[in-house]
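Numbering (our numbering), first residue to last: 2 to 463.
(1) Per DSSP, which residues does residue 86 bridge with? Please list them.
(2) Report the CB separation of residue 389 from residue 362 in whole angstroms; it is logged as a contact under 8 Å.
(3) Closest to residue 99 by C-alpha separation, out of 115, 118, 76, would be which residue?
(4) Just to confirm my understanding: we take residue 186, look at its own chain, exclude 5 residues before and 5 after, and list those with CB closer than 6 Å. What are they?
(5) Beta-carbon within less than 7 Å of residue 314's beta-carbon, same chain only, minus the 5 sequence neighbours each way: which residues are those?
(6) Write down the C-beta distance between residue 367 and residue 156 rounded to the nearest angstrom, noting that I regard them as a contact closer than 8 Å.
(7) Within the segment 281-322, note down every full beta strand (DSSP E) run reaching 3 residues or more, in order along the chain.
(8) Would you kindly work out how many angstroms separate the C-alpha atoms of residue 22 and residue 425, rounded to a whole number?
(9) Among the candidates 323, 211, 195, 227, whose CA atom is the shortest distance from the CA of residue 204?
(10) Tell me whether the beta-carbon of residue 165 lies closer than 7 Å to the beta-carbon of residue 318.
(11) Consult DSSP for residue 178 and reduce its assignment to one of helix, strand or coil.
(12) Using only the heavy atoms of the ligand COA, determine whether one of them is closer than 6 Å to the beta carbon of residue 444.
(13) On a CA-only basis, which of 348, 394, 421 is nearest residue 387? Give me that one, please.
(14) Give the DSSP bridge partners of residue 251, in chain order.
(15) Find the nearest neighbour of residue 170 within the set 190, 182, 153, 160, judged by alpha-carbon distance.
(16) Is residue 229 buried or exposed, if buried means 16 or more other CB atoms sit within 10 Å of its CB?
(17) Measuring alpha carbon to alpha carbon, tell me which residue in 415, 124, 40 is nearest residue 447.
(18) Using 8 Å as the cut-off, can you tell me whether the segment 224-244 makes contact with the segment 252-262, which would need three or more C-beta pairs spanning the two stretches below that distance?
(19) Once you ignore the five residues that flank residue 119 on each side, which residues in its own chain have a CB closer than 8 Å to its CB?
(20) State the Cα-Cα distance for the pair residue 225 and residue 232, rounded to the nearest angstrom.
(21) Suppose the cutoff is 6 Å on Cβ atoms and the five residues either side in sequence are ignored; what does the same chain contact list for residue 268 look like?
(22) May I ask you to list the residues that DSSP assigns as paired with residue 337?
(23) On the DSSP letters alone, give me the boundaries of the beta strand (DSSP E) that residue 272 sits inside.
(24) Enumerate, from N- to C-terminal direction, the unbroken beta strand (DSSP E) stretches of 3 or more residues contained entirely within the segment 22-83.
(25) Under the DSSP definition of a beta bridge, which residues are partnered with residue 224?
(26) Using the Cβ count rule (16 or more neighbours within 10 Å means buried), how would you classify residue 160?
(27) Quick check on residue 153: does DSSP put it in helix, strand or coil?
(28) I need the straight-line Cα distance from residue 307 to residue 297, nearest angstrom please.
(29) Using the rule of at least 16 other Cβ atoms within 10 Å of the residue's Cβ for burial, across every protein chain shown, is residue 401 buried or exposed?
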């Protein structure tokens, strides 16, 4: 979290012990947070009425109003308010009860300040992501869109996608979506259209790799009767069909060079001629393109036109691979579980601990699409109300730290690989790993939380 964001984040410390309260206040202020304090729950509520904090750190045992009642009152004001509770080692059951009542986390006294900082940063970032995602959902609902579909998740990587999608949607700028197969590039294209002023107009899609060169031109621009063998009548192409709306070209990197020239002309002049025709047809179409290829590399090697690349790449959005989306993996798995339980008229309530661990350990080379297929199969084969490890059709062992491409990997993938490999070498010691990587233990703990992995579960060869 940046220093500027910390300075804007308001933390309320609630504790009847003046020494503990003062220490935490000073330490958090030293981390650049804006900090207020209160001696009990009633005093805390007085402070929150006019100006609610961004997060609350509260003791559980206090006079007048304790932490459990404060938690309840705060969530009546704001159900999304992150609350971290502090409890003694003799009151662990109370801490667990607070979590069930909606607390973000609980820490035992004396509080490990590094652990508290990690928890606060995680809670604030997750809340920011939820707000961004809800803003996007609200805009989609206002336009009677179908919803986020594949754009489910609140990871930092997806937060960036939501932000750019919301910014670019109102414009007519061409968008190039890149990413591995199965990451949800088509879903993002549909979301951009649904958020745009063109939402009431057609969204027309074409998978460019699925057609031979001779057919692709006709599909894009249409043809006149008699233009070629089998053309027994005039046919409108995808550009005409999308007039006033959005045209989504999937796998645009597969378009042959000759067709690239004609596509570039349409983008420049916003007009074209049907195959076999002479009439100039003008259209108002917003183009969104997607590819899993490295188009910049294709340009350098002469496989893709440089001028077309720059026309397509006005706004670039990269869909992150599922393996770096941390907790989103389980969120998506639960979403697909509900979907396929309804479709198959079965009651499947969740995943066993081993099944959950297997899902998180898998590298997901097929991304969201592969996860969806795996959960559908698991629901079909599941014999009880819980998905077990054996219901999942993949092997987790050896997958989490597969080969990494350099060049070709993102910085997030390189960072993940470095952290997990170093933890393997240190047998899960975050302290030793932090020394070797020259980063803080807090950074490692925060990243592990993003990945949905526990340091104690990182073992050599897994």
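Quick reminder that beta carbons are idealized off the backbone N, C-alpha and C, glycines included.
Taking the coordinates as given:
(1) On the chain shown, position 85 is the one that residue 86 refers to. 59, 107, per the DSSP bridge assignment.
(2) Taking the chain shown and counting its residues from 1, the one referred to as residue 389 is at position 388. Taking the chain shown and counting its residues from 1, the one referred to as residue 362 is at position 361. Incorrect: roughly 15 Å between the Cβ atoms, too far for contact.
(3) Taking the first residue of the chain shown as position 1, residue 99 is located at position 98. With distances taken between Cα atoms, residue 99 lies closest to 76.
(4) As a first step, residue 186 must be located in the chain shown, where it is residue number 185. Closer than 6 Å at the Cβ level, and outside the excluded window around residue 186, lie 178, 180, 291, 320.
(5) Position 313 of the chain shown, counting from 1, holds the residue named residue 314. Closer than 7 Å at the Cβ level, and outside the excluded window around residue 314, lie 177.
(6) Counted from its first residue, the chain shown places residue 367 at position 366. Counted from its first residue, the chain shown places residue 156 at position 155. Contact flag wrong, Cβ pair sits at about 18 Å.
(7) 281-283, 287-292, 316-319
(8) Against the chain shown, residue 22 aligns to sequence position 21. Against the chain shown, residue 425 aligns to sequence position 424. One C-alpha to the other measures close to 38 Å.
(9) Against the chain shown, residue 204 aligns to sequence position 203. The candidate whose alpha carbon is nearest that of residue 204 is 195.
(10) One-based indexing of the chain shown puts residue 165 at position 164. One-based indexing of the chain shown puts residue 318 at position 317. It is a contact, given that the beta carbons lie within the stated cut-off.
(11) Along the chain shown, one-based indexing puts residue 178 at 177. Strand.
(12) Here there are no bound small molecules, and the ligand COA is not part of this structure.
(13) Here residue 387 refers to the residue found at position 386 when the chain shown is read from its first residue. Measuring from the Cα of residue 387, the nearest candidate turns out to be 348.
(14) For this step, residue 251 is matched to residue 250 along the chain shown. DSSP, once it has assigned bridges, lists 208 as partnering residue 251.
(15) Sequence index remark: in the chain shown, residue 170 carries index 169 (1-based). Out of 190, 182, 153, 160, 190 has the C-alpha closest to the C-alpha of residue 170.
(16) Within the chain shown, residue 229 is the residue found at index 228, counting from 1. With fewer than 16 Cβ atoms within 10 Å of its Cβ, residue 229 is classed as exposed.
(17) Within the chain shown, residue 447 is the residue found at index 446, counting from 1. Residue 447 has its Cα closest to that of 124, out of 415, 124, 40.
(18) no
(19) Within the chain shown, the letter at position 118 stands for residue 119. Excluding residues within five positions, the ones whose Cβ falls inside 8 Å are 443, 446, 447, 450.
(20) Residue 225 sits at position 224 when you count from the first residue of the chain shown. Residue 232 sits at position 231 when you count from the first residue of the chain shown. So the two alpha carbons sit approximately 7 Å from each other.
(21) Locating residue 268 in the chain shown gives position 267, where the first residue counts as 1. Result list for residue 268: 312, in chain order.
(22) To locate residue 337, count along the chain shown from 1; it is residue 336. Its beta-bridge partners do not exist; DSSP assigns none.
(23) Position 271 of the chain shown, counted from the start, is the residue given in the question as residue 272. That run of the beta strand (DSSP E) goes 272-274.
(24) 35-39, 56-60
(25) Taking the chain shown and counting its residues from 1, one reaches residue 224 at position 223. In DSSP, residue 224 forms a bridge with 236, 276.
(26) Residue mapping note: residue 160 aligns to position 159 of the chain shown, counting from 1. Residue 160 is buried by the Cβ-count criterion.
(27) The residue labelled residue 153 in the question sits at position 152 within the chain shown. Residue 153: coil per DSSP, three-state reduction.
(28) Position 306 of the chain shown, counted from the first residue, corresponds to residue 307. Position 296 of the chain shown, counted from the first residue, corresponds to residue 297. Approximately 8 Å between the Cα atoms of the pair.
(29) For the purposes of this step, residue 401 is taken as the residue at position 400 of the chain shown. Confidence is the limiting factor: at residue 401 the pLDDT is only 44, short of 50, which leaves the residue's position unreliable and the question unanswerable from this model.
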